[in-house]
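What follows is one structure encoded as structure tokens, with my remarks underneath.
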Ligand code: DON
């Protein structure tokens with residue numbers, strides 16, 4: 522890692538500002554009629570979310586105003602999307618090898634709250650984007666107390682967003698009262714020597730990080746910071762290194778959409794992370810990021826409208842990281858996923 526050359530620009534560039542603006546509006550219009558999926562309710566207060574909400578936002582890595590459509594300013598709890606950004610903060614602190622060895626970088630192929638995945642891997646969490654791996658990651662956040670660790674997380678995620686993020690106390694209390702499974706996972710990790718701290722304190726910091734309030738706009742700016750090699754394109758502040766961004770995006774590509782990660786990469790071709798409250802952030806290295814919010818999620822916990830809008834934008838903006846040239850804009854008659862009818 523000492524001999525690396527800082528090269529943070531991917532192939533191609535985004536279309537001109539007006540065209541991105543028009544395509545963001547088109548993505549919203551195409552996906553908003555879809556009512557598939559259900560609002561998550563295993564954290565009781567999430568069931569109260571308005572299923573009609575739908576926001577789309579594109580933030581460009583080159584900076585400038587964001588492209589915000591619909592309910593892009595509506596706040597919701599970030600939930601699992603926090604895992605990506607806490608992972609980046611922990612990589613920044615401890616480095617590539619330590620985090621890879623301690624937490625892992627592979628997809629478990631099992632649901633995000635799986636206990637058996639831990640057992641099957643002799644207590645190794647394997648994947649930092651599922652609950653076991655995220656708890657092991659949060660246990661590596663620097664700080665002498667859980668209050669300090671929580672402040673490190675809140676400050677770090679706020680720097681990614683370019684504004685101070687606040688805790689949603691109602692969501693935090695609702696999840697704290699019902700997260701027996703996460704407490705069990707943390708104790709299981711402790712039994713395997715994977716968590717050095719008090720497991721319940723780790724769960725508490727993790728539950729707080731999941732309850733931070735963000736909007737689709739925040740997600741786009743947070744993602745654009747990863748796309749921009751660690752520099753927030755709105756504030757100009759360096760949050761993490763370019764190396765950490767590459768590590769984080771590689772992990773997101775492999776694991777960010779749970780057991781649907783392969784399908785997501787095959788169809789959409791972007792590293793991304795979803796949360797059960799309905800957010801998705803998808804990152805186009807060197808170009809920018811898409812933040813979406815719509816509360817109806819599929820069985821894997823990924824927002825249905827968010828997936829459709831992101832699929833459309835990936836094709837229309839030519840973002841697929843596996844494409845060697847920009848794709849033509851989506852044709853008339855294509856469905857919301859961008860496929861020709
Ligand atoms: O730990 C949990 O279960 C939640 N705080 C986060 C889960 C989540 O967002 C999964 N997403 N699809």
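In this note's numbering, the protein residues as written are 522 to 862.
Backbone N, C-alpha and C define an ideal beta-carbon position, used for all residues, glycine too.
| Asked | Found |
| --- | --- |
| Residue 626, DSSP secondary structure in three states | coil |
| Sheet register partners of residue 588 (DSSP bridge) | 579 |
| heavy atom of the ligand DON below 7 Å from residue 546 C-beta | no |
| Supposed close pair residue 575, residue 549 - CB separation, criterion 8 Å | 7 Å |
| Residue burial classification, residue 538 (beta-carbon count within 10 angstroms, cutoff 16) | exposed |
| The ligand DON site residues, beta-carbon cut 6 Å against heavy atoms | 600, 601, 633, 634, 652, 696, 703, 731, 795, 796, 797, 822 |
| Neighbourhood of residue 755 by C-beta, 6 Å cutoff - its chain only, sequence neighbours within 5 removed | 683, 742 |
| Three-state secondary structure (DSSP) of residue 738 | helix |
| Collapsed DSSP secondary structure at residue 599 in the structure displayed | coil |
| Alpha-carbon spacing of residue 845 relative to residue 839, whole angstroms | 10 Å |
| Completely contained beta strand (DSSP E) runs for the region 757–809, where each covers 3 or more residues | 793–795, 800–805 |
| Nearest residue (CA-CA) to residue 566, options 679, 655, 797, 677 | 797 |
| Nonlocal neighbours in the same chain, by C-beta distance under 7 Å from residue 783, ignoring five residues either side | none |
| Exposure label - residue 762; buried when at least 16 CB within 10 Å | buried |
| Among 561, 630, 584, 579, nearest to residue 597 - alpha-carbon criterion | 561 |
| Straight-line gap, residue 471 to residue 720 (C-alpha atoms, nearest Å) | Here the chain comprises residues numbered 522 to 862, so residue 471 is not present and cannot be evaluated. |
| Spatial distance of residue 589 from residue 711 (CA atoms) | 43 Å |
| Alpha helix (DSSP H) segment containing residue 555, residue limits | Neither: residue 555 is in no alpha helix (DSSP H) and is coded neither H nor E. |
| Classification of residue 618 by the beta-carbon crowding that lies within 10 angstroms, buried from 16 upward | exposed |
| For residue 750 and residue 636, the rounded distance between their alpha carbons | 34 Å |
| Residue 573 classed as buried or exposed, judged by whether at least 16 other C-beta atoms fall within 10 angstroms | exposed |
| Classification of residue 563 by the beta-carbon crowding that lies within 10 angstroms, buried from 16 upward | exposed |
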